[in-house]
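Undergrad: I am attaching a structure below and will ask some questions about it afterwards.
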Amino acid sequence: MINVTVKLWEEGSYKAADGSGFVPTLTTYVLDNSPEMDINRKRASILICPGGAYAFTSDREAEPVMMKFLSEGYNVFILRYSVAPARHPQPLLDVSRAVWLIRQNAEAWHVDTEKIAVCGFSAGGHLAVSLGVFWNEQYIKEAIGMPEGMNRPNALILAYPVITSGEYAHKGSFENLLGENATEEQLKSMSLELHVNEMTPPSFIWHTFNDELVPVENSLLFAQSLRKQGIPFELHIYPDGPHGLSICSKETAVYPSQINSHAATWVPLCIEWLKYVFEE
Numbered sequence: 076m077i078n079v080t081v082k083l084w085e086e087g088s089y090k091a092a093d094g095s096g097f098v099p100t101l102t103t104y105v106l107d108n109s110p111e112m113d114i115n116r117k118r119a120s121i122l123i124c125p126g127g128a129y130a131f132t133s134d135r136e137a138e139p140v141m142m143k144f145l146s147e148g149y150n151v152f153i154l155r156y157s158v159a160p161a162r163h164p165q166p167l168l169d170v171s172r173a174v175w176l177i178r179q180n181a182e183a184w185h186v187d188t189e190k191i192a193v194c195g196f197s198a199g200g201h202l203a204v205s206l207g208v209f210w211n212e213q214y215i216k217e218a219i220g221m222p223e224g225m226n227r228p229n230a231l232i233l234a235y236p237v238i239t240s241g242e243y244a245h246k247g248s249f250e251n252l253l254g255e256n257a258t259e260e261q262l263k264s265m266s267l268e269l270h271v272n273e274m275t276p277p278s279f280i281w282h283t284f285n286d287e288l289v290p291v292e293n294s295l296l297f298a299q300s301l302r303k304q305g306i307p308f309e310l311h312i313y314p315d316g317p318h319g320l321s322i323c324s325k326e327t328a329v330y331p332s333q334i335n336s337h338a339a340t341w342v343p344l345c346i347e348w349l350k351y352v353f354e355e
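When the count follows the numbering used here, it moves up by one through the sequence shown with no breaks and lands on 355 for the last residue.
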């Protein structure tokens, strides 16, 4: 296995907003090829963006999720992106840089560059969708010095994502991303259901009906916008479960209510969807 942690930004090109010395990182969990099998194999890859309301990146939505996808033969990458007091667009620049870095290292990391999915949980879902709708913005290319399209994901995997800044908003995520005094225009600019376009990637979305922190309407609004643009998606709304279920098992549960065998089916359903989308 190729397991390394890479700083996304060169020394001097990134300064943590809180003066902590933090630099966003990409950690690789890459299945190495073997002469006993297919020495030239290229694998589909999953980039995980943990949640945490843009205040932190949750460990519960990082390595445990990685293990699920790794066991199914995917290369997996975990992004530790910028959070408050860092503001937009820094997290979006981080995830853009991460996808580009994966493509730049495709040969060494055995990556099929046409099969890269970004998987986001809660606020990490907002970041994943932000990339899905804004990947071709000129300011991103200029900030990173990146060729056109090198940061575009081929698919999105969204677990109870933060989407809207409107009636059903998770206000804490938007305050951390944009600041407590964000204008209505700024809030609308990051209300992602308003920005879906024909180049937004196909998406796998799941949520629980009674999510108390990020209302299910976030996923419904995004799915509706995808439908209007003719973008394929698969949507699962589970009838019960709190916010932040991760893989829904004892490995990630803090409370008994976070063990949910029914909602845990999102993982195998997602694997089947990936096989369909990536034609594997």
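The C-beta atom is built at its ideal place from N, Cα and C for all residues, glycine as well.
Ordered along the chain, which non-local residues of its own chain (more than five positions away) have a Cβ less than 7 Å from that of S300?
TA: E268, V271
Undergrad: Helix, strand or coil: how does DSSP classify N52 here?
TA: The requested residue 52 is not part of the displayed model; the chain covers only 76 to 355.
Undergrad: With which residues is C323 paired in a DSSP beta bridge?
TA: In the DSSP output, where bridge partners are listed per residue, C323 has none listed.
Undergrad: Would you report the Cα separation of P160 and P110, rounded to the nearest angstrom?
TA: For P160 and P110, the distance between alpha carbons rounds to 47 Å.
Undergrad: Please look up how many angstroms separate the CB atoms of A137 and A192, rounded, as I've assumed it's under 8 Å.
TA: Not confirmed; about 16 Å, so no contact.
Undergrad: Are the Cβ atoms of V105 and I123 separated by less than 8 Å?
TA: no
Undergrad: Using the three-state DSSP reduction, which class does K90 fall into: helix, strand or coil?
TA: coil
Undergrad: For Y330 versus W281, is the C-beta spacing smaller than 8 Å?
TA: no
Undergrad: In this structure, how does DSSP classify L190 when only helix, strand and coil are distinguished?
TA: Note that residue 190 is Lys in the sequence shown, not Leu. Of the three classes helix, strand and coil, the one that applies to K190 here is strand, per DSSP.
Undergrad: Exposed or buried, which one is N150 when buried takes at least 16 other CB atoms within 10 Å?
TA: buried
Undergrad: Starting from K246, follow the beta strand (DSSP E) in both directions and report where the run begins and ends.
TA: Unbroken run through K246 is the alpha helix (DSSP H), 246-253; no beta strand (DSSP E).
Undergrad: Tell whether a beta-carbon distance below 8 Å holds between S197 and G96.
TA: no
Undergrad: Drop a sphere of 10 angstroms on the beta-carbon of F152, count the other beta-carbons inside from all chains shown, and report buried for 16 or more, exposed for fewer.
TA: Buried.
Undergrad: So does the stretch 215-223 actually touch the stretch 328-348, counting three or more Cβ pairs closer than 8 Å?
TA: no
Undergrad: Once you ignore the five residues that flank V81 on each side, which residues in its own chain have a CB closer than 8 Å to its CB?
TA: T100, L101, T102, T103, L176, listed in sequence order.
Undergrad: What does a CB cutoff of less than 7 Å around V296 pick up in its chain, not counting 5 residues either side in sequence?
TA: Going by the sequence as given, residue 296 is Leu instead of Val. I238, T239, E268.
Undergrad: My output table needs one value for L233: the three-state DSSP class, helix, strand or coil.
TA: strand
Undergrad: Among all the DSSP beta bridges, which residues are the ones paired with L310?
TA: I280
Undergrad: With V81 as the anchor, note down where its beta strand (DSSP E) starts and where it stops.
TA: 80-82
Undergrad: Whole-angstrom Cβ separation of S171 and N108, contact assumed at under 8 Å?
TA: About 28 Å separates the two Cβ atoms, so there is no contact after all.
Undergrad: Which of helix, strand or coil does DSSP assign to Y243?
TA: coil
Undergrad: For R155, does the three-state DSSP call read helix, strand or coil?
TA: strand
Undergrad: Rounded to the nearest angstrom, what separates S294 and P276 at their Cα positions?
TA: 15 Å
Undergrad: Per the DSSP calculation, F131 is bridged to which residue(s)?
TA: For F131, which the question treats as bridged, DSSP gives no partner whatsoever.
Undergrad: Would a C-beta distance cut-off of 8 Å place R162 and G254 closer than the cut-off?
TA: The answer is yes: Cβ separation under 8 Å.
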